[in-house]
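Here is the structure we will look at, set down as structure tokens.
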Amino acid sequence: MAKNKVKNIINKFKKEFHNSNDFASRIYENDKQVIGMLFLKSMTNPDLFSQTIYMPIQNFQDKIDEKSLLEKILKNNSIEIIEEKDIEKNILDGKVVIFSDSFDGIVSVDILSFPSRTPSEPPTSPVIQGPREGFVEDFKTNLTLLRRRIHSKDLVFQTLIVGEKTNTKVIVSFINGVADKKVVEEVKKKIQSIKIDGVIDSYYILSFLEKRPDSLFKQIGNTEKPDIVASKLLEGKVAIIVDNSPIVLTVPFILMEDLQSSNDYYTNHHYSSLVRIIRVLGLMIAIIAPGFYLALQLFHYNVLPLNFLITIANTTQGLPFTPFLEILFIFLLFQILYEVSLRLPSYLGLATSIVGALILGDTGVKAGLISPPGVIIVALAKIALYTVPEEQSQITVLQILFIILGGSLGILGIVTGFVYIVNYLNTLDDFSTPYLSPYAPRIANDLQDALIKQPINEMKSSPQSFPNKNKERVK
Amino acid sequence: MKSISARQTGIILFLTILANKILLLPSIMYEKTKADSLFVMFLFFAVELFVLWIFFALKDKFGNKSLKDVLQNLIGKSFAKFLLFVFLIFFLFKTMLTYSVIYVYLKDLVYQDEFGFLALICFLPVVNQGVICGLRAMSRSFELFFYLVLAGIIFCLSIAFFTNVSFPYFFVSNPSQIFNTWFTYIFSFGDYLVLFIFMDKIHIKKGEKKKILSFVFLGIAIVLSIFLIFYCKYHDTAFMHNNALADLLVFSVQFNAVGRLDIIAMVTIMALGLFQMEIFQFAFCESFVMVFPKLSIKYAVAVFDVLFFIVYFVLIGKYELMIQLTTEYLPYFAVISNYILPILIFALSFKHKKEVKDAKTI
Numbered sequence: 001m002a003k004n005k006v007k008n009i010i011n012k013f014k015k016e017f018h019n020s021n022d023f024a025s026r027i028y029e030n031d032k033q034v035i036g037m038l039f040l041k042s043m044t045n046p047d048l049f050s051q052t053i054y055m056p057i058q059n060f061q062d063k064i065d066e067k068s069l070l071e072k073i074l075k076n077n078s079i080e081i082i083e084e085k086d087i088e089k090n091i092l093d094g095k096v097v098i099f100s101d102s103f104d105g106i107v108s109v110d111i112l113s114f115p116s117r118t119p120s121e122p123p124t125s126p127v128i129q130g131p132r133e134g135f136v137e138d139f140k141t142n143l144t145l146l147r148r149r150i151h152s153k154d155l156v157f158q159t160l161i162v163g164e165k166t167n168t169k170v171i172v173s174f175i176n177g178v179a180d181k182k183v184v185e186e187v188k189k190k191i192q193s194i195k196i197d198g199v200i201d202s203y204y205i206l207s208f209l210e211k212r213p214d215s216l217f218k219q220i221g222n223t224e225k226p227d228i229v230a231s232k233l234l235e236g237k238v239a240i241i242v243d244n245s246p247i248v249l250t251v252p253f254i255l256m257e258d259l260q261s262s263n264d265y266y267t268n269h270h271y272s273s274l275v276r277i278i279r280v281l282g283l284m285i286a287i288i289a290p291g292f293y294l295a296l297q298l299f300h301y302n303v304l305p306l307n308f309l310i311t312i313a314n315t316t317q318g319l320p321f322t323p324f325l326e327i328l329f330i331f332l333l334f335q336i337l338y339e340v341s342l343r344l345p346s347y348l349g350l351a352t353s354i355v356g357a358l359i360l361g362d363t364g365v366k367a368g369l370i371s372p373p374g375v376i377i378v379a380l381a382k383i384a385l386y387t388v389p390e391e392q393s394q395i396t397v398l399q400i401l402f403i404i405l406g407g408s409l410g411i412l413g414i415v416t417g418f419v420y421i422v423n424y425l426n427t428l429d430d431f432s433t434p435y436l437s438p439y440a441p442r443i444a445n446d447l448q449d450a451l452i453k454q455p456i457n458e459m460k461s462s463p464q465s466f467p468n469k470n471k472e473r474v475k
Numbered sequence: 001m002k003s004i005s006a007r008q009t010g011i012i013l014f015l016t017i018l019a020n021k022i023l024l025l026p027s028i029m030y031e032k033t034k035a036d037s038l039f040v041m042f043l044f045f046a047v048e049l050f051v052l053w054i055f056f057a058l059k060d061k062f063g064n065k066s067l068k069d070v071l072q073n074l075i076g077k078s079f080a081k082f083l084l085f086v087f088l089i090f091f092l093f094k095t096m097l098t099y100s101v102i103y104v105y106l107k108d109l110v111y112q113d114e115f116g117f118l119a120l121i122c123f124l125p126v127v128n129q130g131v132i133c134g135l136r137a138m139s140r141s142f143e144l145f146f147y148l149v150l151a152g153i154i155f156c157l158s159i160a161f162f163t164n165v166s167f168p169y170f171f172v173s174n175p176s177q178i179f180n181t182w183f184t185y186i187f188s189f190g191d192y193l194v195l196f197i198f199m200d201k202i203h204i205k206k207g208e209k210k211k212i213l214s215f216v217f218l219g220i221a222i223v224l225s226i227f228l229i230f231y232c233k234y235h236d237t238a239f240m241h242n243n244a245l246a247d248l249l250v251f252s253v254q255f256n257a258v259g260r261l262d263i264i265a266m267v268t269i270m271a272l273g274l275f276q277m278e279i280f281q282f283a284f285c286e287s288f289v290m291v292f293p294k295l296s297i298k299y300a301v302a303v304f305d306v307l308f309f310i311v312y313f314v315l316i317g318k319y320e321l322m323i324q325l326t327t328e329y330l331p332y333f334a335v336i337s338n339y340i341l342p343i344l345i346f347a348l349s350f351k352h353k354k355e356v357k358d359a360k361t362i
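Chains A and B, in that order, are what the protein sequence lines are. Just so you know, my numbering puts 107 at position 107 of the first sequence, and the rest follows in order with no gaps. Just so you know, my numbering puts 301 at position 301 of the second sequence, and the rest follows in order with no gaps.
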């Protein structure tokens, strides 16, 4: 009868796990008792199981009870007494569940082990100077990376489970006494209200956190670098770490964050200010250069310098396309090359460059399909786009929009388009944070770390663009 | 309540005072009073500042109450609605006037031919969107563009100033001519009335009136500078140049290496025109919602668009008609709406006790 208890539990869970290949059960049986063990082979280390659990049980001479299991046999492991209803969860978490006919308790032993990447420099945000570590897919490593940077009892990690099928761990992190409680609660409330079958990456929960998920513009910060997250936590922001994702989300978010780079904080502040101004110029060129060129060519050619006007007239003469279609064509060509270069294996990259730059570009000009000024303008816009790589997807859409506006309505189209977008951006105020602050509205205190960056010792107070409790940073 | 700060209020006043005074007005006023038009402008601004003072006094007295509440307290519901309806009409035509001035400029200098619908396609959706986004979003946009607009205007003035300019003859008109010109172009003023319409959304802390006044005086200084430099530059031919700010650049020194610089004036004028239309249309829509409280701001925008189309086909296409309307018929209306009504409200307010409440400003 007692032996049946162990077998019944094993059979029950075998059935619940649909006889999955990686579901494993072990029975240790002697004349005194029967002990059952359940675990997932894919989530545990077999050597570790054998050395730290099975063999110590086997070698134990006396009758095993709960006390001896906890205090003698498995004393070097991370152990927990659980209830029967938690068996499934513990198995899924990579733990070994131990039960017996001779004692009532159920013991869970953590020997979770799975392949994991070591922290390395993220390809999306390389730095010249400063820390090179990046987040990885394993959330525990990510928590360690943050804890190593903020040695404080006030750093809080709160775990929530999201995804009916994936049961993914979503960790809300903040510094108690620095982050605004309302923001923390709002974030937790939004995450808890997510009803989704699975969360594969942090981007899955992004749209649930955004006030306007249908918007073109990003409203949640994201980064792969622990030093950036640590500095945002110190400012009073809230970080959202999702298991199996190297991208950590941060809220509240303002546009200015994307114009800043971690490099700025590890170099001279005069240089950082210059680079930030260049980034804004790059952003503007990326958005409006093709549309502006079209507007000048089609509607306002009289404001162009005479020599440039003559060059344009000479090079566009005899082209089969109208200027509008020509720019659209070149833009499309660049976009195709970009998509191809992203997806092609690296050994084909050189071939793509040759085909793209030489054959399509040069030959296209020589064949009289496209004009050199058109190629230069679109190429300039495409290169300038990467001064702010975080905004790449939004800017690409805006480029098309401004090409259409500039090509159909001239400068008027560009000005009205710009005002329209700025008006729209000013309505984005997630977590009571104006999207374009500290410039709209002007928040004088935060201008110290805006386009012009002050040295760290002069940044006396925390940013006021978003709610936080830490008023004084440098004393 | 989503209110705006003193700085944002100041910037709104700065922008409203500029747009339709820096293109057509210097030219058409010159026809009547020559360079003495500057004195007419002084007169205008003196009266405008008096209206601003009335606003501050009402704001002190009624705190964050809306104009509708203030009027209902003072003169009852029916009269309050009537006065708000007068403001509604005033702001409809103010928006039209701004639009027609910008329209004429763009048609003459840039687009020629059939520009009407092109302009409508450009302007209306953007202005509508600005109004629907609300006063706070709009004022944040103005805040962002403020320095760009200011830099554009100062650039235009500087380029014109450093070319050949000489003082025109002053004191060539008699006081009655000056007063007559003041009356004729009175509809181009009354910009500060917008403050009365959204007085409940303005949050002025103690001592912040100076901040608002600094923007007002900056706006006034710029308008007067444009008038002065424009007259210094063109003298008796000033009446031939319908687009003052742009013409200051068009006929100034040319930089061969960078082409014509009037694109800066063009962009500045377009932005200013859009902003001013947004402010006036918002004032129209706010008045509309106060007159018809059951309808939302989106209905107000739709009504504005319908009226705009009707007036567009009747007047804006023929801009002489618009000018005739604003200089011959609307001045009488403007005297009432711009000056008599604010003074009347101010006088009636004496019977009311002081009331101040706080508003949240972000």
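From the three backbone atoms N, C-alpha and C, an ideal C-beta is built for every residue, glycine too. Since the model is a prediction, treat every value here as computed from it, not as a measurement.
- DSSP places N423 (chain A) in the helix class (H, G or I) of the three-state scheme.
- Residue contact check for P373 (chain A) against chain B: no CB pair falls below 9 Å.
- Sixteen is the threshold: since fewer than 16 other Cβ atoms of the shown chains lie within 10 Å of the Cβ of E31 (chain B), the residue is exposed.
- With contacts defined as CB atoms closer than 9 Å, L233 (chain A) and V172 (chain A) fail to qualify as a contacting pair.
- For secondary structure counted as the alpha helix (DSSP H) over 4 or more consecutive residues, the region 180–207 of chain B holds these complete runs in sequence order: 193–197.
- Taking 9 Å as the CB threshold, Y293 (chain A) stays off the interface with chain B.
- In this structure, the alpha-carbon of D214 (chain A) lies about 56 Å from that of F179 (chain B).
- Per DSSP, the beta-bridge partners of M37 (chain A) are A:R26, A:I98.
- In the DSSP annotation of this structure, the continuous segment of the alpha helix (DSSP H) that includes A80 (chain B) starts and ends at 77–106.
- When only Cα atoms are considered, E472 (chain A) and L146 (chain A) end up about 22 Å apart.
- Within chain B, the residues placing a beta-carbon under 7 Å from that of A440 (chain A) are R140, S141, E143, L144, ordered along the chain.
- The CB of L436 (chain A) comes closer than 7 Å to the CB of R140, L144 in chain B, given here in chain order.
- With fewer than 16 other beta carbons inside 10 angstroms of its own, I310 (chain B) counts as exposed.
- Distance from the CA atom of P373 (chain A) to the CA atom of K211 (chain A), rounded to whole angstroms, is 41 Å.
- Shown here, K72 (chain A) sits in a helix according to DSSP, grouped into three states.
- Along the region 97–116 of chain B, going in chain order, the ones with a CB nearer than 9 Å to a CB of chain A are L106, V110, Y111.
- Of all residues in the region 289–323 of chain A, only L296, F299, H300, N302, V303, L304, P305, L306, N307, F308, L309 come within less than 9 Å of chain B when Cβ atoms are compared, listed by chain position.
- Counting every other CB atom within 10 Å of its CB across the protein chains shown gives D262 (chain B) a total of 16 or more, marking it as buried.
- Scanning A:Y435, A:P123, A:S461 for the CA closest to the CA of D446 (chain A) turns up A:S461.
- Sequence-distant partners of K298 (chain B) (beyond 5 residues in either direction) whose C-beta falls short of 8 Å from its own C-beta, in its chain, are I132.
- For G410 (chain A), the nearest beta carbon of chain B is closer than 9 Å to its own beta carbon.
- Cβ-Cβ distances below 8 Å link P467 (chain A) to D180, K182, V183, G236, P252, F431, S432, T433 in the same chain, with the five nearest sequence neighbours on each side left out; the list follows chain order.
- Just so you know, the alpha carbons of L307 (chain B) and T416 (chain A) end up roughly 22 Å apart.
- By the rule that beta-carbons nearer than 9 Å mark a contact, G219 (chain B) does not touch chain A.
- A distance below 8 Å between beta-carbons, with the five flanking residues on each side excluded, links L71 (chain B) to the following residues of its chain, in chain order: F79, A80, L83, L84, I345.
- At least 9 Å separates the CB of N445 (chain A) from every CB of chain B.
- Closer than 9 Å to the CB of G10 (chain B) there is not a single CB belonging to chain A.
- A straight-line Cα-Cα distance of about 23 Å links A160 (chain B) and V216 (chain B).
- Taken atom to atom, the span from the alpha-carbon of P345 (chain A) to that of S50 (chain A) is near 42 Å.
- In the structure shown, the three-state DSSP call for I395 (chain A) is helix.
- Judged by DSSP in its simplified three-state form, D69 (chain B) adopts helix.
- Under the 8 Å Cβ criterion, the region 77–94 of chain A does not count as touching the region 138–157 of chain A, having fewer than three qualifying pairs.
- Contact with chain B is found for V419 (chain A), since one of that chain's Cβ atoms lies less than 9 Å from the residue's Cβ.
- At a C-beta separation below 8 Å, Q129 (chain B) has these neighbours in chain A: Y420, N423, Y424.
- Rounded to the nearest angstrom, the gap between the Cα atoms of P455 (chain A) and Y271 (chain A) is 11 Å.
- Against T427 (chain A), the close residues of chain B are C133, G134, A137, in the order they occur along the chain (beta-carbon pairs closer than 8 Å).
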